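Chain order of the listed sequences is A and G. So for the first sequence, my numbering puts the first residue at 1; every next one is plus one. So for the second sequence, my numbering puts the first residue at 478; every next one is plus one. We put the CB at the ideal spot given by N, CA and C, even for glycine. Bear in mind that the values here come from a model prediction, so they are computed numbers and not experimental data. What follows is a short report on a single structure.
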Amino acid sequence: MATEYTPSARAAEFLSKVVNGRYKRQIVNGLRKFIDNRVDEEMGTFYSKEEIANLISIRGTDRDIESRMPVKITRHYFDLAKNSLPIQTLVKASPKETFDLDGAEDPGKQMDYSPVEGLIHKYELGLIYVASTCSAHCRFCYREELIAGKDVERPDGTVAPKGLAQVGELVEYIQAHNDIVARNGGRHPKTGREKLREILMSGGDPMVLANLNLAEWWSGLADVGIEQIRIGTKELAFYPARFDQTFFDMVDEFHAAYPETKLRFMVHFNHPDEFLKKDDDGKYIDDPNGGLVWVDATKDAIRELGRREWITIDNQAPIIAGINDDSDALRIMQRELRRNRVENHYFFCGRDIIGHKAFNVPIEKVWNILNDSQKGLSGIEAHARLSITHYKGKTEVAAVANHPLPGVPGTENGFVVLKLLRGAADAPDRGKLCIVGRNPEAIWFSGYDDRVIYDEAGLFSHVSSGVTEPVAAVSTP
Amino acid sequence: MTYVVGENCIKCKHTDCVDVCPANCFYEGPNFLVIHPDECIDCDLCVEACPVSAIFEEDDLPEDQLNFIDLNAELAEVWPNLRNRKDPLPDADDWDGVSAKRDLLDRGAA
Numbered sequence: 001m002a003t004e005y006t007p008s009a010r011a012a013e014f015l016s017k018v019v020n021g022r023y024k025r026q027i028v029n030g031l032r033k034f035i036d037n038r039v040d041e042e043m044g045t046f047y048s049k050e051e052i053a054n055l056i057s058i059r060g061t062d063r064d065i066e067s068r069m070p071v072k073i074t075r076h077y078f079d080l081a082k083n084s085l086p087i088q089t090l091v092k093a094s095p096k097e098t099f100d101l102d103g104a105e106d107p108g109k110q111m112d113y114s115p116v117e118g119l120i121h122k123y124e125l126g127l128i129y130v131a132s133t134c135s136a137h138c139r140f141c142y143r144e145e146l147i148a149g150k151d152v153e154r155p156d157g158t159v160a161p162k163g164l165a166q167v168g169e170l171v172e173y174i175q176a177h178n179d180i181v182a183r184n185g186g187r188h189p190k191t192g193r194e195k196l197r198e199i200l201m202s203g204g205d206p207m208v209l210a211n212l213n214l215a216e217w218w219s220g221l222a223d224v225g226i227e228q229i230r231i232g233t234k235e236l237a238f239y240p241a242r243f244d245q246t247f248f249d250m251v252d253e254f255h256a257a258y259p260e261t262k263l264r265f266m267v268h269f270n271h272p273d274e275f276l277k278k279d280d281d282g283k284y285i286d287d288p289n290g291g292l293v294w295v296d297a298t299k300d301a302i303r304e305l306g307r308r309e310w311i312t313i314d315n316q317a318p319i320i321a322g323i324n325d326d327s328d329a330l331r332i333m334q335r336e337l338r339r340n341r342v343e344n345h346y347f348f349c350g351r352d353i354i355g356h357k358a359f360n361v362p363i364e365k366v367w368n369i370l371n372d373s374q375k376g377l378s379g380i381e382a383h384a385r386l387s388i389t390h391y392k393g394k395t396e397v398a399a400v401a402n403h404p405l406p407g408v409p410g411t412e413n414g415f416v417v418l419k420l421l422r423g424a425a426d427a428p429d430r431g432k433l434c435i436v437g438r439n440p441e442a443i444w445f446s447g448y449d450d451r452v453i454y455d456e457a458g459l460f461s462h463v464s465s466g467v468t469e470p471v472a473a474v475s476t477p
Numbered sequence: 478m479t480y481v482v483g484e485n486c487i488k489c490k491h492t493d494c495v496d497v498c499p500a501n502c503f504y505e506g507p508n509f510l511v512i513h514p515d516e517c518i519d520c521d522l523c524v525e526a527c528p529v530s531a532i533f534e535e536d537d538l539p540e541d542q543l544n545f546i547d548l549n550a551e552l553a554e555v556w557p558n559l560r561n562r563k564d565p566l567p568d569a570d571d572w573d574g575v576s577a578k579r580d581l582l583d584r585g586a587a
C-alpha cells in the first residue's frame, strides 16, 4: 500500500495550478487486435497473414513473444512506421525475438544498487522507475522485466516483480542520504558517494504520467535538494502531442516555483524516420530555409522545450540490428538533432540479455558504424560517444584498431580500447583504460574475457586469465 | 478508445487498478470504481491488475455491459478521484462473480 505523501506548502501551491491534459494516443494493445482484425482498415495489413500465423504458432510456448514484451503501438507511430522499415523492425513483434534465448538476466547487476523499491542508486545520479509502460513498446526494450511485470531476484535472494518508486518513500531516502553526507563533510561514510544532486526519471516512460503526477515528482524532488531532474522519454517519437499546452503551462509553473531546479530531457530517437517527413518516393525533404523537414508535432514539441533555457535536451539510443546499424541514417540523425537544440549524448551497444540476440550488433561493428556516421559531421555534431554499461560503470568504446601493436602479444588482429567513463559510488576508476585483443563477434565484455591485454580500469578483474599485469595492482573501492 | 470498469467491480472495489494507473484516472463511488474516458491513456495495466477481471478495453466489453461505457463517463464527472489503493469492501470475495449486480450500484458519493 502506497504511503501517503504530503507535499510541502511550496509544492502544494505549485500543484494547485496544474491542469491535466486530455490525450488521444489511439493505442493498439496486444497482437490479439491484429489477429482478430479489429484494427482500422489501414492498420489491418501492418502484419502480413504469414507473420500473424507465425506469431500465433508460438503462443503459449516459451517462445511466446507477447510474454517477453507486450505489443503496443500508437497511431502516430503507426503512421511513421507505414513508410519505414527500420520503424517497423522497432515496433513489430517477430518470432526472431525469442529464437535464441541465450544471455544474462541482469548483466548490469542493477538490483545490487537498489536501497529503496524503484530506485537504483549506483552513481552520483539516482535512477527511479516511475511508470511501467510506454505509449508504444520497442521490441528491443531491455526493461522488459518491468514492462512485462517479470520477477527479479534481489541481493537478499527474494524474488518479486520490480516495483515502482513512490514519491513519499523516495524523498525520505534522499533526505536521509543527503543529511548523512552533509554531516560527514560531503561524502557518505560507507559508500563515499556525494549528495544526490540528480535524479533520472525512467520506467517505462514518465511522459505517460498525467501532468499532476509529474508535477508531484518534480516538486517533491526539488524540495529535498535535487538540482537536476532528468526525464527519460521516447514520447517525442511515440506521441509528440503529449507535449501540449497544459504540459508547458505546468513546466512554466514549476520553473516559477523552483527556478533553481533544472530539467534535462533525455530523449530517445533511434532513427531519423522517427522525426523527419518523407516525400512520395520515401526521401527526406529539403527545407528551403536549411536542414530537412520535420514531422510537425515533434518539431513543435522540441521547439517549445528548446526555447526554455533551463531545459536541456539530449538524445541517447542503442544501435540495434535492422533499425539503426546504418551510418548514413545516424549521420542525418545527429546533424538534424543538433541543428534543433538536441545534443547527441550517447549511443549504446545492445545488452547481452535474454531475448536480445536478434537485436544485437557486435561491439566492434557498432563502433565502426558510429565512427563512419561521424565522418562528415562537424565537431559539435559529433559529440556522441559509444557506451557499453559495465557492472563497474559506464564504459566508452573509445577505439577499434585494425593493426597489431608492435611487440604486444594478443594484438595480432588489432585491439579495442575501452575507457571507464563513470564508476559506481565515488567513481575511483574514472578515466582508466582497458585494452583487449579484437573479437569481431563480441557483443558484450564476456567476448573479451580470454584476450585482455591491459586492464587499468579493472573491467575484467573477475577473470583470472593471467595475461594482464596491472589488474592485481588496481585498488578496488 | 478507452478502458471501462464493468459490472463485476460492484460491491468488490479492490482498487488494485488504482495502484498501477499511470494517469490517475479512477474515480470512486460507494461500491464501484469508474475510469474517466478522457483521462485514460489506454495503457492496459489495470486489466491485468484487477483481481476480479472487471476491467475491459471498450471494444472487448461483453455485449450485455455496453451501457457501462456511458456509466463510467457519467460517474467519473461526479465522483472524487482516487489516487491510492485502499482495502477492498469487506465482503468483496463473496460478491466476486455474482451475476446481475448492476442493480446494487450505489450512485451516491464515496
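*Is the shortest distance between the beta-carbon of Ser132 of chain A and the beta-carbons of chain G less than 8 Å?*
yes
_Near-chain G residues of the region 210 to 226 of chain A - C-beta to any C-beta below 8 Å_ = Ala210, Leu212 and Asn213
*For Pro539 of chain G, collect the residues of the same chain with a Cβ closer than 8 Å to its Cβ; drop the 5 residues on either side in sequence, then sort them by chain order.*
Gly483 and Phe533
*Taking the alpha-carbon positions, what's the Tyr346 of chain A to Ala399 of chain A distance?*
15 Å
*How far does the alpha helix (DSSP H) with Thr298 of chain A in it reach, from first residue to last?*
Asp296 to Gly306
*With a threshold of 16 other CB atoms inside 10 Å of the CB of Pro240 of chain A, please say whether the residue is buried or exposed.*
buried
*Beta-ladder partner(s) of Asp286 of chain A, from DSSP*: A:Leu292
_Limits of the beta strand (DSSP E) - the one that Leu55 of chain A falls within_ = Unbroken run through Leu55 of chain A is the alpha helix (DSSP H), Lys49 to Ser57; no beta strand (DSSP E).
*Mind reading off the beta-carbon distance from Ile388 of chain A to Cys349 of chain A? Whole number of angstroms is fine, and I expect it under 8 Å.*
4 Å
_Just to make sure I have the definition right: I need the residues of chain G whose C-beta is within less than 9 Å of the C-beta of Glu4 of chain A. Which are they?_
Asn561
*Roughly how many angstroms lie between the CA atoms of Thr476 of chain A and Ile120 of chain A, to the nearest whole one?*
Because the pLDDT at Thr476 of chain A is just 37, under 50, the model does not fix this residue reliably, and the value given afterwards should be weighed accordingly. Cα-Cα distance, rounded: 21 Å.
*asked:* Can you pull the chain G neighbours of Val116 of chain A, defined as C-beta to C-beta under 8 Å?
replied: By Cβ distance, chain G contributes nothing, its closest Cβ being about 17 Å from Val116 of chain A, past 8 Å.
_Residues bridged to Lys419 of chain A [DSSP beta-bridge criterion]_ = A:Glu396 and A:Leu433
*My understanding is that Lys92 of chain A touches Tyr129 of chain A, with C-beta atoms under 8 Å, so please give their C-beta distance in whole angstroms.*
That pair is no contact at about 26 Å.
*For Leu478 of chain A, which three-state DSSP category applies?*
This structure gives no information on residue 478 of chain A, because the portion of chain A shown stretches from 1 to 477.
*If you draw a straight line from the alpha carbon of Val511 of chain G to that of Lys488 of chain G, how long is it in whole angstroms?*
13 Å
*For the putative contact between Phe140 of chain A and Lys357 of chain A, defined by C-beta atoms under 8 Å, what is the C-beta separation to the nearest angstrom?*
With 8 Å as the limit, Phe140 of chain A and Lys357 of chain A do not qualify as a contact, their Cβ atoms being about 11 Å apart.
*Assign Cys581 of chain G to one of two classes, buried (16 or more other C-beta atoms within 10 Å of its C-beta) or exposed (fewer than that).*
Here the sequence assigns Leu to residue 581 of chain G, which means Cys is not the residue at that position. Exposed, because fewer than 16 other Cβ atoms sit within 10 Å of the Cβ of Leu581 of chain G.
*Reducing DSSP to helix, strand and coil, say where Arg63 of chain A ends up.*
coil
*With distances taken between CB atoms, is the gap from Ile199 of chain A to Gly282 of chain A smaller than 8 Å?*
no
*How about Phe275 of chain A and Ala237 of chain A: are their beta carbons less than 8 Å apart?*
yes
*asked:* Could you compute how far the alpha carbon of Asn315 of chain A sits from the alpha carbon of Leu559 of chain G?
replied: 36 Å
_In chain order, what are the residue ranges of uninterrupted beta strand (DSSP E) at least 3 long that sit wholly in the region 355 to 408 of chain A?_
385 to 390 and 393 to 401
*Assign Gly447 of chain A to one of three DSSP states: helix, strand, or coil.*
helix
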